[in-house]
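Colleague: Have a look at this one before I ask anything.
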Amino acid sequence: MLSKFLGPRYRELAKNWIPTASMWGAVGAVGLVWATDWRLILDWVPYINGKHYTLLPQEQLGLVKDAEEAGHGEVPQHPGEPLR
4 MLSKFLGPRY
14 RELAKNWIPT
24 ASMWGAVGAV
34 GLVWATDWRL
44 ILDWVPYING
54 KHYTLLPQEQ
64 LGLVKDAEEA
74 GHGEVPQHPG
84 EPLR
């Protein structure tokens, strides 16, 4: 169907541009991962999914509350503040 609209010259031009277009597509995909929340996208990659696990702020807050309720002392509110 497409060959009806494209002549041999344009088919040859399209064939020559396939590597360039695919490279720009790969660069665009990497740029999208870089510009967005990388964890949101890389959580779907099986090898990377569990490799560098970090707690989300909500999970960290839950651990702090659990530690305070268990009587493990007061947790400093600011990073430079000493424990009491």
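Residue numbers for the sequence shown follow my numbering, so the first one is 4 and each next one is one higher.
Even for Gly, the Cβ is constructed at its ideal location relative to N, Cα and C.
Quick caveat, the model's predicted, so the values are computed rather than measured.
DSSP three-state label for Thr39, please.
Modeller: Note: Thr39 maps to coil in three-state DSSP.
Colleague: What does a CB cutoff of less than 6 Å around Trp27 pick up in its chain, not counting 5 residues either side in sequence?
Modeller: If we look at Trp27 and ignore the five residues flanking it on each side, it has no Cβ neighbours.
Colleague: Whole angstroms are fine: how far does the CA of Gly31 sit from the CA of Pro11?
Modeller: Cα-Cα distance, rounded: 30 Å.
Colleague: Assign Leu2 to one of three DSSP states: helix, strand, or coil.
Modeller: This structure cannot speak to residue 2, because the chain is shown only from 4 to 87.
Colleague: If you draw a straight line from the alpha carbon of Val33 to that of Trp41, how long is it in whole angstroms?
Modeller: Their Cα atoms are separated by approximately 10 Å.
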